[in-house]
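Enquirer: Reading the sequence shown from the start, the letters are residues 141 to 532 in the working numbering.
Starting off with a structure, shown below.
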Amino acid sequence: DFLAFEDHSGQLHRIKMPMLRGLLRSTVTPKSFQSLKLVVLNACNSENAGFEFVLAGVPNVIAYRGKVRDSTAATFTQALYLSLACGRNVRDAFQSAKEAVSSSPTVDATEINQFLLLPEKGNHTDVLWDESHNPIGTSPEWPLSKDMRSLPPLAEDFLGRHIDTFQILEAITHRKRRLIILNGPDGSGKKQLALAVAHHLHLRRDENNFTGGIFFARKTCSGSLDSVVDAVCKSLSCAMAIPAELSTDGKIDALTEGLASRSGKTILILDSVPETEEVVSRFLSVLLEDIPDLSILITSRTAFQLPLDVSLQHYNVGPLNAGDSALLLIRHLKRKLLVGGQEMTLKELSQHPIVAGAQGSPMALIRAARKLSAAFPSNSAIDLDHYDVTLL
């Protein structure tokens, strides 16, 4: 029904088919697409949108007939772009990408028929890249990449938090919340959710958005102001030098001055902040009151209040749903689970006591996977009929 784009802040912007058709017909002339040789619609059910681009004059359009899983789409697009970059024409690159899907051990090969190259009777012999397009040794450098060092990597198995991520991004970018507190029990995934927000925003930075930087302060859980300030100083070490011999007040002054001097909006993420108000309220008050372009994202076990006159929002990080819980367990096990000699489906696993007992806690599910792997050390399937799940 629509194509999903991003607005300037990375939020969802829908273009429905009638709007797409109108845009193409009202703005496209016969010369408009002379330099545009390929459109890839990396979206499920994008066949109708593909036909609109074909009618507008694009000679090569790749679309998906039905639903395609993310892992399958990733395998396809990686092979497609690699083949194109190696100088193959569109038709051959498309076939190579389909072969990559059919031969991959981690995707459903039946989805290969979902990929379309339009128009169906086109010759698709255009070569998009050759050696003249990408001389060896001329890889451009992203000027904002130096600040990426403060962000830990996002867990590869991060899942089930897309709505949470979207709502927090909306609070930061659209609702202009300057202080957001993610609260939830230990093991609920607060840190990973905060990192997902940070990486999303960092990858979309440009000269107009978050040019001040996005910084992540680790291990602020100690119950002293000194430890919180030191953690923030360490996270900003790639952007400013703060002498370690300064007093806590001196470090706060240096942080305030350094952050205030940065051009554009800055986001500071504090992980595992202690719940005691007197430990953090003074520090946060100074930063937020003296630096108008600063926003702070906090993770904490409880939804504590701070006596600050700023736009604040609490966000409770709840449990994963049963389906995502089962998927997380499978991803960590990387093995089949059997009951009654039959492989369990994802739906069956989501209703099994092994998943229900974790109560949607990502950490509990990861620990359960580790215990199962230890109980069945071989790489064969795990038969739950021969394991007391209450031990998890």
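Positions of the beta carbon are idealized from the N, C-alpha and C atoms, including for glycine.
Just the C-alpha distance for leucine 224 and phenylalanine 516, rounded to the nearest angstrom, thanks.
Expert: 44 Å
Enquirer: Identify every run of the alpha helix (DSSP H) within the stretch 432-478, keeping only runs that are complete inside it and at least 4 residues long; order them along the chain.
Expert: 462-473
Enquirer: Three Cβ pairs or more, each shorter than 8 Å: is that satisfied between the stretch 371-380 and the stretch 428-442?
Expert: no
Enquirer: Say whether the stretch 299-306 touches the stretch 460-475, bearing in mind that this needs 3 or more beta-carbon pairs closer than 8 Å, one atom from each stretch.
Expert: Between the stretch 299-306 and the stretch 460-475, the count of Cβ pairs shorter than 8 Å is three or higher; the stretches touch.
Enquirer: Output needed for lysine 391: all residues of its chain with C-beta closer than 8 Å, excluding positions within five of it in sequence on either side, in chain order.
Expert: Val369, Asp370, Cys373, Ile382
Enquirer: May I ask which residues mark the beginning and end of the alpha helix (DSSP H) holding histidine 339?
Expert: Taken as a continuous stretch (DSSP letters only), the alpha helix (DSSP H) holding histidine 339 covers 330-343.
Enquirer: Closest to methionine 503 by C-alpha separation, out of Glu187, Leu181, Gly324, would be which residue?
Expert: Gly324
Enquirer: Rounded to a whole number of angstroms, what is the C-alpha to C-alpha distance between aspartate 525 and lysine 476?
Expert: 13 Å
Enquirer: Thinking C-alpha only, which one of Ser425, Ser518, Leu294, Phe356 is nearest isoleucine 407?
Expert: Phe356
Enquirer: With contact counted as at least three CB pairs below 8 Å, one residue from each stretch, are the stretch 228-248 and the stretch 179-186 in contact?
Expert: no
Enquirer: For glutamine 218, which of Ala249, Pro199, Asn182 has the nearest alpha-carbon?
Expert: Asn182
Enquirer: For alanine 203, collect the residues of the same chain with a Cβ closer than 7 Å to its Cβ; drop the 5 residues on either side in sequence, then sort them by chain order.
Expert: Leu181, Ser186, Glu187, Ala189, Gly190, Leu256, Leu258
Enquirer: How long is the line joining the alpha carbons of aspartate 304 and leucine 333, rounded to whole angstroms?
Expert: 8 Å
Enquirer: Please state the DSSP three-state secondary structure of glycine 353.
Expert: strand
Enquirer: For the putative contact between leucine 322 and threonine 439, defined by C-beta atoms under 8 Å, what is the C-beta separation to the nearest angstrom?
Expert: 5 Å
Enquirer: Measuring alpha carbon to alpha carbon, tell me which residue in Val529, Phe306, Ile252 is nearest histidine 153.
Expert: Phe306
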